[in-house]
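Line by line, the protein sequences are chains A and B. Going by my numbering, the first sequence opens with residue 13, and the numbers climb by one from there. Going by my numbering, the second sequence opens with residue 55, and the numbers climb by one from there. For glycine and all other residues, C-beta sits at the position ideal for the given N, C-alpha and C.
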Amino acid sequence: MKKNIKIFFSLYTEGFRNLSTLGKKLWILIFIKLFIMFVILKIFFFPNFLGSKFDTSEEKSNYILNILTKQSEKND
Amino acid sequence: MTEADISLVDWSRAQFALTAMYHWIFVPLTLGLAFIVAIMETIYVRTGNEEWKRLTKFWMTLFGINFAIGVATGIILEFEFGTNWSNYSWLVGDIFGAPLAVEGIMAFFLESTFIAVMFFGWNKVSKKFHLVSTWLVAIGSNLSALWILVANGWMQSPVGMRFNPDTARSEMENFWDVLFSPVAINKFLHTISSGYVVGSLFVVGISAWYILKGRHILFAKRSMIIAAIFGLISSIFIALTGDGSAYQVGKVQPMKLAAMEGLYEGEEGTDLVVFGIMNGGKQITPDKEKQKENDDYLFAIKIPKMLSLLTARDANAFVPGINDLLYGNEEYGIESTESKMAKGKIAIKALYDYKEAKKNGDLVAAEDYRKTLEENYSYFGYGFFETPEEAVPPINLTFYSFHIMVGLGFFFIGFLMLIIWLNLKNKIEKQKLILRLAVPTIFLGYLASMLGWIVAEVGRQPWAIQDILPVKMATSHISTSSVQITFWLFAALFTVLLIAEVSIMLRQIKIGPKEGGQ
């Protein structure tokens, strides 16, 4: 069992250590892309709309219910 | 403000379309190439022939490039759900939660674990274990697609759920109804097999290029025959699942079907348009006389009664047209959109009254309103329409997308049969015209796949959730300019990534397969 775990981890460590030029280039691209997506886009451009306006699920439900039923409120 | 302004809705839709279509550049190739690589490796393990290992490693490298650049591009869609489509996200949250969570676990554990073995495991693990890992990556990628497509299938045909008027959320009543919805199953099979064809055409096209250049001839011919056989089987399977999809569309989204066929007036024994040019002068109108003034098509080649047969399994069945669905057809028991709008408004009013009764502590009245809501909930979304004509999707775009997609599908069957035949007769090297045609056919594969999504998504407009939530009610009330900014940001980011993908891929293709691979 211990031996298998060792082999499993060596797969990753040696794999990354011996990456080809292409492999390195792809990993750099992946990290740049993930950084742009999760750090720049998500934080600065894609806040959770309901999460940023309301704290509780009840508040969020009421907000959506109000939007869905606004036409009835007007006609009431 | 009850509904978002049109420009916000359009920009939000444009942004979602941009990100989804960009994501879909990578997904089909991953789905298809993964299986082609697994088949090649299986031959290597069974024969012990090192040439097949070389093949496997080369196509695995291209698979890796595509996977690396495409990975996580789908996450952006989830960002958009939370920011631009919060009304929709809230309403469907409980339904999407389960499939997307399973997808996350599948994608992360299955793919990311075995993909490491696939790339780093040569000479580290046994041949058989490596082969199993390659197959698990292929199966894992396809299972990931399953959950996303189940979620999409639910939007087209919302089954297995119940709307909770207290929380304004859809709650899952039966997971199996959602998973095994005929719409979802057909969608899954049709979509993944389109990925297999894209992967096959990719391998055939690049192999053809090598043969044209006189490089790696044996390697290219072997790659080509494997991909062509896999692609042909997949193409035939697509035709079958396409038939299943169209049958389901006829049952649950008849307006989409009418738009796909450009059918304004329904009739018994409806013909199927094989090729046609739509009549721009045709109008949607409740006036029966005006409806008959112009033909639906300027020119059309049709197969008699085939549409009735395909969509109802009865050659003489009545297939409703756009005008029947909008203005009703008493003879065939088709309810008008106006009648559905009235029921939708009753449902919305009942939801409002329920909310007020609960607030006032009148539980008896609340229970009555809840029952009224439940009785009319299947028409809920129609209550947001101002005119019945809002129920019509863009007809020309849906019609042409559908017909070009189907035409390309049949072209691929013929083309791949020809490629197989020429290979078996050992004549492929001399057929320069066919080889030259194979290279741009790679892009036709992508085109067909994209058009399929246009049919699925544009054809179901105006709905975010069929009959329940129109897109104009699904968007967040945010500023249009913020969506415009992120639209252009994405367009720039995606363009850069696409240029990176294409240039890395082309460089690798030019280098070609090496002894020992990458």
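At a cut-off of 8 Å between beta carbons, B/Ile90 makes no contact with chain A.
The beta-carbon of B/Thr441 is placed no less than 8 Å from the nearest beta-carbon of chain A. Look at A/Met49: its C-beta is under 8 Å from a C-beta on chain B. Approximately 4 Å separates the beta-carbon atoms of B/Phe117 and B/Leu87; this is inside 8 Å, confirming the contact. Between B/Ser66 and B/Trp139, the gap from beta carbon to beta carbon is short of 8 Å. Residue-level contact check: B/Ala420 does not touch chain A, since none of the beta carbons of chain A fall below 8 Å from its beta carbon.
DSSP, reduced to helix, strand and coil, places B/Asn383 within a strand of the structure shown.
Between B/Asn370 and B/Gly320, the C-beta gap is not smaller than 8 Å, which leaves the two residues out of contact. Looking only at A/Ile76, A/Ile48, A/Ser84, the smallest Cα-Cα distance to B/Asn218 is reached by A/Ile76. Residues are counted here when their Cβ sits less than 8 Å from a Cβ of chain B; for the region 51 to 65 of chain A these are Leu53, Lys54, Phe57, Phe58, Pro59, Asn60, Phe61, Leu62, Gly63, given in chain order.
By the beta-carbon neighbour count (other beta carbons within 10 angstroms, threshold 16), B/Ser557 is exposed. Between B/Thr391 and B/Ala445, the gap from beta carbon to beta carbon is short of 8 Å. Straight across, the Cα-Cα distance linking A/Gly63 with A/Ser69 is about 9 Å. Looking at the DSSP output, B/Val373 bridges to B/Glu321.
Of the residues B/Ile246, B/Trp208, B/Leu243, the one whose Cα lies closest to the Cα of B/Asn228 is B/Trp208. Look at A/Thr68: its C-beta is not under 8 Å from any C-beta on chain B. In this structure B/Ala404 touches B/Tyr423 by the C-beta definition: roughly 5 Å separates them, less than 8 Å. B/Gly214 sits in coil when the DSSP states are folded into three classes, being neither helix nor strand. A straight-line Cα-Cα distance of about 38 Å links B/Ser248 and A/Ile17. Residue pairing of B/Val327 in beta bridges, as defined by DSSP: B/Lys356. In this structure B/Ile60 is exposed. Its beta-carbon is surrounded by fewer than 16 other beta-carbon atoms within 10 angstroms. In the DSSP assignment, B/Met226 is bridged to B/Met215.
In the structure shown, B/Pro340 falls within a coil segment according to DSSP collapsed to helix, strand and coil. Just so you know, the alpha carbons of A/Ile42 and B/Gly513 end up roughly 35 Å apart. C-alpha of B/Ala74 to C-alpha of B/Gly128: approximately 7 Å in a straight line. B/Leu523 is bridged by DSSP to B/Ile519.
For A/Arg29, the enclosing alpha helix (DSSP H) has its first and last residue at 14 to 29. Here the alpha carbon of B/Phe353 sits roughly 19 Å from the alpha carbon of B/Ile338. Under a criterion of Cβ atoms nearer than 9 Å, the residues of chain B adjacent to A/Ile76 are, in order, Ser140, Asn141, Trp144, Leu145, Thr221, Ala222, Arg223. Listed by position along chain A, the residues whose Cβ is nearer than 7 Å to that of B/Gly253 form an empty set, because the closest Cβ is around 19 Å away. Taking the Cα of A/Glu26 as reference, the smallest distance to any Cα among B/Gly175, B/Glu343, B/Met459 is reached at B/Gly175.
Contact with chain A is absent for B/Leu560, since none of that chain's Cβ atoms lies less than 8 Å from the residue's Cβ. Contact annotation for A/Lys36 against chain B: no contact, minimum CB-CB distance about 11 Å [criterion: below 9 Å].
Distance check between B/Phe284 and each of B/Ser166, B/Glu104, B/Phe466, B/Lys111 places B/Phe466 closest, using alpha-carbon atoms only.
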